[in-house]
Structure formats: C-alpha cells, structure tokens
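Participant: Quick one: this structure, given as structure tokens, is what I'll be asking you about.
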Amino acid sequence: MASPRSPLSPRPPPSPGQDDTEAWRAKFVHFYQTNAPSKAKFVNDKMMAKWKGRYKELYSNLERKYGPLGAPTSPPRPPSRPGSGRAFGGRGKRTVADLSSEFEALVNKARRECPDNKAPLDLVDAKLTAAENGLETSTFTVCARIRPKLKQDEGDEDFVCVVPGEHGRAARCLVPRVSITGRPKLDEARSELDWTWGPNADEDNIFDAVGRPLVHRALDGQVGVIFAYGQTGSGKTHTMSNLMERVVGELFKSGAAANVMRHRKISFSYCEILGSDANDCLSPSHDAVKIGEMLDGRVVLKNLSEHEVEDAAQMHALVKKAAATRSTESTARNDTSSRSHGIGIVTVAPPEGCALAGKLYVIDLAGSERAADSKDHDQQRLEETKAINISLMALKECIRARTKASRPGAARSVHIPYRRAKLTQVMKDVFDVASPRLCATVVLACVAPTARDVDHSKNTLSYAAPLKVAVEAAPHLQRDDRDPALWATTQLIEWVAETAPCTMEQAKQIVNQNTGVQFCAVSESALFARCAAAELDAKQSKKLYGALWTAVIDAKTRNRRPDGTIITEEDEAREKAEKAQALRDKAALWKEREKTLRSDF
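So the sequence shown is numbered by the UniProt record's numbering: it starts at 1 and just counts up by one.
Written out as structure tokens, the structure reads:
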C-alpha cells in the first residue's frame, strides 16, 4: 500500500493520454523525484522520443523496478560472487568510497616528498641539441598538468591521488585498491615526462616554459605547435585559453620588439576538425575547409579565412568568436565538452626577402572518453567519439614515428602516417623530415586529480608518456663530416665563403663565432639580417640558407648500417651491383641444375 503523500512533496500531475508527451514527461519526472531522485535527469527529449506511443509500458516498467509511486524499493542487485563478503563480520565488500579517509592519509604520506617546482625556462630549447648527430630539427616536449580539485569533484572518491613526481620530471597515479582482507593500498603508476605541473601551478610559469619559446619560433619564421590532450573535464580548454591570452600579449607587447613587428603582418585563422570534416570558425557561414597538398609538398587549407590583426584587442575578439562557434556537447564529465579539435593558427609574415612565414598552432583537442563514459550516447555521438579516437591515435603514431626517424640512418626506413587524419595532415611541417626549418611541439597532458577519475588520468598519462621516446643510436656512431651541425667555427667560415660566395671577412661576420649546431639553428630571417649587415645581396642570402638546409636534411637522411657506419653513394652503388650479380649467379646456377635434371631423364 502506498504511503500518504507528504504536504511538502510535489503534487502528482493529472493522468495523461497515451500520446500526451508533455503530460507524460511531467508524470515521469514526478515518479523519479518521488521514488528515485538521482534518476530524474534521464527524463529528456531522447527518452521521450524513444518511448513515444509506449509511455504506459515504460511507466509499468518503472513501477516494477522502483516500486509503486510513493513506496520506493531498491532495484534488485545481481547475486554476489562467492567470497565477495568482507573479511570481518561478513557485512559485504568494502569499497574505495568506504575507506576514503584512510586512502587520503596514504596519499598524503606518499606525496610528502613531491615538491611543486617551477619548470625551467629552457625546457623547449634544450631539446634542439639533444640529438645524437648534431641538430634535432623537430623536437617534442611532453608535459602534464594536474588541475586543482573543483566543487564538481565533491562526493564519493573525491580525494586527490594524482601528484607530481620528484623534481617535477614525472607524474604519479596513486591508484586506490582494496585488498582481499579489506585493507586500503595504493598501486603506483609512474609516467616519466619532461615536466609535470601540480594543481597550484602558476599560469605564467606554464607560458614562460612552453608558450613563449613557441611564439618566438613563429616570429623567427619557424614552426611552433602546442596541444592539450586529456579526458573531458580535465582542464584542457581552460589551460589553452590562458595560454592563448598570453600568446596574444607576447605578440603585441610594447617595446623594441613591437617596433620591429609593426612592419610584419600577423594574421589569425581558426579551424575546427570533426572527423573527416573541417570548418572555418571565423567565417559567418561556417565554410567547409578543404585540406590538401600541393605538388611541392605544401599543405593548403582551402576556404580557411585569414584575418589580419593589428593589436591585441582585435585578436582577443577573434579568439573569443572562434571559441563561441566550436561544437560542444554535454557529457557525464562536462556540460560543455568540446567535440571537435580546435586549431588556432597564428601566421607571421616573413621580413622582406625571406620566403618562410612563421607558424604557431595552438590546438585544443577534443575531450577523450572511455567506453564507460559513452554508454548513454546516441549513434551520432558514438561516431564522433570514434572519429576523435582515430585522430588521436594517428597523432600519437606520427609523433613516435617522427622521433624514431631522428635516429641516425633511420629517416628513409620509417614511415610517418601524417595523411591518416586531417589533424596530422595540417601539422605536416612537424612530421616531415625534409622540412627546411626548425619545428618545436609541446604536448600538454591534462588530468583530473581525484580518485573518481584516476583510471582515466592513468590512461591519459599512458598516452602521453610514450611520446617522450628516447632516440636510440648505434653505440659507435661514425661522425658525418658533411653534417654542418658538427662543423667547427673555422670550417663553417670556409664553407660560407665558398658557398655564398663572399670574402673570408664577410663569412666571419655572418658566422658570428657560432659553432655548427648554433649556426644551423639560426632562423631564415636572422641569417638574412646577418648577410645584409655583411653587405651580401638577397640572392646570396637565399643561396646560403638553401644550401645550409639542404646539407642539414641530407645529413638527417643519410643511410647508415646497423653498426652506425655511413653508407656512401659509392658503397650503395657497389652493394647494389653485388646484389644484382648474386641474383644473376643464382639464376645461372638454377639454370644449370635444370639442364642437368633434364639430361637425366
């Protein structure tokens, strides 16, 4: 028998007809609020459309599951497995939520030796000279950011269990587990990274360490890329918004640099990628963007509008407009989860006479989700999630392959699948071993700190950590005397004087006492400025820069044997001839054997 209705409980709606959708909606809401308040959120347009014409059947199902209106019963639990009771008292299995205070004490003890240090400011630039054979032309810096605990995290399993490692070079997931005897324990999953920021990280330090160096790459005519990866609700968009705000400030800061920039055009574009589709977020009609390659290898984004900006206020307005038009959806973790990859592209026109425009890509990747997070999604949302995961895996494969291609002698044998996804195709400069300029990429893995999300945080870090691939070289790598990054200053001066051509005094002025690796890292615009100061013309400057990067790329793609020795063109031709001769000898031998066999019969 149903219990009497409390004076404070909501009055039940009138009995609806079978097709009275809104009346049935009110009836379902009232039922859930009375019998199962936590389930009221499931009364939505999707549910009403699914059960249209069968509302009475649904209501009967709810009564069987939750009891008659006003007399709620808990849904039956699945039968427990043998041995699943508590070890003490037989009161059922203890959960992580039951032991929250004990776990919190264990985590606090484990994190006591984990300082929240500031990242070093040479985090990105230090990678340039980390190569085994001179200059690393495309670098990848992999970092993590653990967001602060928020109000939305309050509830079961709300204690922090993701913390920075010692000296900031690792992230530690202290995964809570309950032993068979009901005792709490922590299983540590450690991810080695270039840097990890904790929940109290300073936004300015993040920008100084990984943002400002990339801005200066773009100003120097090179390529900088930064992207954030992580689960929905892990703080990606917040982090990238703060970075973008500081990028704009750095581009238009006052002072001597600003006087130089007044003569350089800066433009901004914003593209969102949803699976195989790309759209212009700054176009009034949200035009479709076609991504393709030209015959010379350049990637072109057709129909993507470029907006010239003259001051910070104008660029801030464009960034805000782009963010407002991105595709978002509500998920279990975030009411406004980004369902597309957002790519902000800052283009800095080259100085007069230079050919290469600087590029800065600020990429906010779509929120990643596990299968458990998408169990209530409709077919369209499932397809979106599938497309997101495919592009994220393509990005991971490209980064790992490009790092392996940096290994001396490996560039020709490693395939980099950048055409597999639109996202990686846009970033072709980063992955192309033959790109004629320096590229720097920063991967920022964003993770939530609490136990409720620890499995997802662990997955995010396990995605990011392998991107920090150690480039393995042969134990005894033969020195490549044709690699300009390995030349001494005197050898470099002689090469410049011969290549430009120019006098030795002019060559000394251009080299400016640089070592080989320092000179190779000089940007096109800076080299042109040195040449102009030494009274070389634009034709000589262009010839010198082209010859330098041809030598750098040749060195990166030089063939080597497994023992590290270089295979010269003469060696290659001789080995090819030897293989051809071996095949001819083998064919002649089989021909002779066949002749012998025929004579026997």
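The beta carbon of each residue, even a glycine, is placed where N, CA and C say it ideally should be.
Roughly how many whole angstroms lie between the Cα atoms of T331 and K46?
Facilitator: The sequence position of residue 331 within the sequence shown is 331, counting from 1. The sequence position of residue 46 within the sequence shown is 46, counting from 1. A caution first: T331 carries a pLDDT of 47, below 50, which makes its placement in the model unreliable, though a value can still be read off. The alpha-carbon atoms of T331 and K46 are separated by roughly 14 Å.
Participant: Run through DSSP, which three-state label would A355 get?
Facilitator: Along the sequence shown, read from residue 1 onward, the residue named residue 355 stands at position 355. Three-state result, A355: coil.
Participant: Are there 16 or more other CB atoms within 10 angstroms of the CB of L589, so buried, or fewer, so exposed?
Facilitator: Counting from 1 along the sequence shown, the entry for residue 589 is found at position 589. By the 10 Å Cβ count, L589 comes out exposed.
Participant: Could you spell out where the alpha helix (DSSP H) holding V517 opens and where it closes?
Facilitator: Your numbering for residue 517 matches position 517 in the sequence shown. Per DSSP, V517 belongs to the alpha helix (DSSP H) from G516 to C520.
Participant: Quick check on the burial criterion: 16 or more other C-beta atoms within 10 angstroms. Buried or exposed for L382?
Facilitator: Sequence index remark: in the sequence shown, residue 382 carries index 382 (1-based). L382 should be labelled exposed.
Participant: What are the boundary residues of the beta strand (DSSP E) that S269 is part of?
Facilitator: Taking the sequence shown and counting its residues from 1, one reaches residue 269 at position 269. I266 to L274 is the extent of the beta strand (DSSP E) around S269.
Participant: Please give me, in chain order, every unbroken run of the beta strand (DSSP E) with length at least 3 that falls completely inside the region 98 to 154.
Facilitator: Whole beta strand (DSSP E) segments, 3+ residues: 138 to 146.
Participant: Any idea if A136 is buried or exposed, counting beta-carbon neighbours within 10 angstroms, 16 or more meaning buried?
Facilitator: Reading the sequence shown from its first residue, position 136 is the one you call residue 136. The sequence shown places Glu at residue 136, not Ala. Its Cβ being crowded by 16 or more others within 10 Å, E136 is buried.
Participant: Relative to the C-alpha of P72, which residue among K39, V43 and A97 is closest?
Facilitator: If you number the sequence shown from 1, residue 72 lands on position 72. Answer by Cα proximity: K39.
Participant: Where does G233 fall in DSSP's three states?
Facilitator: Residue 233 sits at position 233 when you count from the first residue of the sequence shown. Coil, per DSSP.
Participant: What are the boundary residues of the beta strand (DSSP E) that includes G344?
Facilitator: Within the sequence shown, the letter at position 344 stands for residue 344. First-last of the beta strand (DSSP E) with G344: H341 to V348.
Participant: Round the Cβ separation of D537 and V223 to the nearest angstrom and send it over; I've been treating them as touching at under 8 Å.
Facilitator: Locating residue 537 in the sequence shown gives position 537, counting from the first residue. Locating residue 223 in the sequence shown gives position 223, counting from the first residue. Not quite, the Cβ-Cβ distance comes to about 27 Å (not below 8 Å), so this is no contact.
Participant: I'd like the span of the alpha helix (DSSP H) that includes E157, first residue to last.
Facilitator: In the sequence shown, residue 157 corresponds to position 157, counting from 1. No alpha helix (DSSP H) contains E157, which DSSP labels as neither H nor E.
Participant: For the beta strand (DSSP E) containing L444, name the first residue and the last one.
Facilitator: Counting from 1 along the sequence shown, the entry for residue 444 is found at position 444. Run containing L444: C439 to V447, per the beta strand (DSSP E) assignment.
Participant: Classify T550 as helix, strand or coil using the three-state DSSP reduction.
Facilitator: Position 550 of the sequence shown, counting from 1, holds the residue named residue 550. Residue state, collapsed to three classes: helix.
Participant: CA-CA distance, A256 and D296?
Facilitator: Working through the sequence shown from its first residue, we reach residue 256 at position 256. Working through the sequence shown from its first residue, we reach residue 296 at position 296. With a pLDDT of only 43 at A256, under the threshold of 50, the placement of this residue in the model should not be trusted; the figure read from the coordinates follows. Roughly 37 Å separates the two Cα atoms.
Participant: Could you spell out where the beta strand (DSSP E) holding E535 opens and where it closes?
Facilitator: As a working note, residue 535 is residue 535 in the sequence shown. That residue, E535, is in no beta strand (DSSP E); it is neither H nor E in DSSP.
Participant: In chain order, what residues of the same chain have a beta carbon less than 7 Å from the beta carbon of M48, not counting five sequence neighbours either side?
Facilitator: Reading the sequence shown from its first residue, position 48 is the one you call residue 48. T21 and R25, listed in sequence order.
Participant: Threshold first: 3 residues or longer. Then list the beta strand (DSSP E) segments lying entirely within the region 153 to 233, N to C.
Facilitator: With a minimum length of 3 residues, the continuous beta strand (DSSP E) runs that stay inside the region 153 to 233 are 162 to 164, 170 to 178, 184 to 192, 195 to 197 and 223 to 230.
Participant: Looking at C-beta atoms only, is the number of pairs between the region 501 to 509 and the region 534 to 548 that lie closer than 8 Å three or more?
Facilitator: With the cut-off at 8 Å, the region 501 to 509 and the region 534 to 548 touch.
Participant: Whose CA, out of K458, L392 and A144, lies closest to the CA of T196?
Facilitator: Stepping through the sequence shown from its first residue, residue 196 is reached at position 196. Nearest option by C-alpha distance: A144.
Participant: Hey, quick one: how far does the beta strand (DSSP E) through H307 stretch, first residue to last?
Facilitator: Locating residue 307 in the sequence shown gives position 307, where the first residue counts as 1. Per DSSP, H307 belongs to the beta strand (DSSP E) from H307 to V309.
Participant: Report yes if the CB atom of K149 is closer than 8 Å to the CB atom of P199, and no otherwise.
Facilitator: The residue labelled residue 149 in the question sits at position 149 within the sequence shown. The residue labelled residue 199 in the question sits at position 199 within the sequence shown. Yes, these two residues count as a Cβ contact at 8 Å.
Participant: Where E397 and S391 are concerned, what is the direct C-alpha to C-alpha distance, given to the nearest angstrom?
Facilitator: Numbered from its first residue, the sequence shown carries residue 397 at position 397. Numbered from its first residue, the sequence shown carries residue 391 at position 391. The straight-line gap from Cα to Cα measures roughly 10 Å.
Participant: If you reduce the DSSP assignment to three classes, tell me which class N44 lands in.
Facilitator: To locate residue 44, count along the sequence shown from 1; it is residue 44. Looking at N44 - three-state DSSP - the assignment turns out to be coil, as it is neither helix nor strand.
Participant: Would you report the Cα separation of D202 and Q506, rounded to the nearest angstrom?
Facilitator: Position 202 of the sequence shown, counting from 1, holds the residue named residue 202. Position 506 of the sequence shown, counting from 1, holds the residue named residue 506. Going by the C-alpha atoms only, they are around 46 Å apart.
Participant: On a CA-only basis, which of S138, G230 and K41 is nearest S462? Give me that one, please.
Facilitator: For this step, residue 462 is matched to residue 462 along the sequence shown. Minimum Cα distance to S462 is reached at G230.
Participant: Thinking just about the alpha-carbon of each residue, which of A464, K109 and K127 is nearest to the one in V160?
Facilitator: On the sequence shown, residue 160 is found 160 positions in, with the first residue counted as 1. Checked all of A464, K109 and K127; the closest Cα to V160 is K109.
Participant: Can you give me the C-alpha to C-alpha distance between T347 and T490, rounded to a whole angstrom?
Facilitator: Here residue 347 refers to the residue found at position 347 when the sequence shown is read from its first residue. Here residue 490 refers to the residue found at position 490 when the sequence shown is read from its first residue. If I take the Cα positions, the gap works out to 36 Å.
Participant: Does the region 415 to 424 come close enough to the region 560 to 572 that 3 or more CB-CB pairs lie under 8 Å?
Facilitator: They do not touch, by the three-pair rule.
Participant: G275: which of H307, I291 and D98 sits nearest, CA to CA?
Facilitator: Taking the sequence shown and counting its residues from 1, the one referred to as residue 275 is at position 275. Minimum Cα distance to G275 is reached at I291.
Participant: Per DSSP, T450 is paired with what?
Facilitator: Position 450 of the sequence shown, counted from the first residue, corresponds to residue 450. BP columns for T450 point to V160.
Participant: Quick check on DSSP: helix, strand or coil for V319?
Facilitator: The sequence position of residue 319 within the sequence shown is 319, counting from 1. Three-state DSSP puts V319 in a helix.
Participant: Taking buried to mean at least 16 other C-beta atoms within 10 Å of its own C-beta, is S406 buried or exposed?
Facilitator: As a working mapping, residue 406 is identified with position 406 in the sequence shown. Burial call: buried.
Participant: What span of residues does the alpha helix (DSSP H) with K65 cover, start to end?
Facilitator: In the sequence shown, the residue the question calls residue 65 occupies position 65. Note, K65: alpha helix (DSSP H), Y55 to Y66.
Participant: Could you check what DSSP says for V289 in three-state terms: helix, strand or coil?
Facilitator: Taking the sequence shown and counting its residues from 1, one reaches residue 289 at position 289. Residue state, collapsed to three classes: coil.
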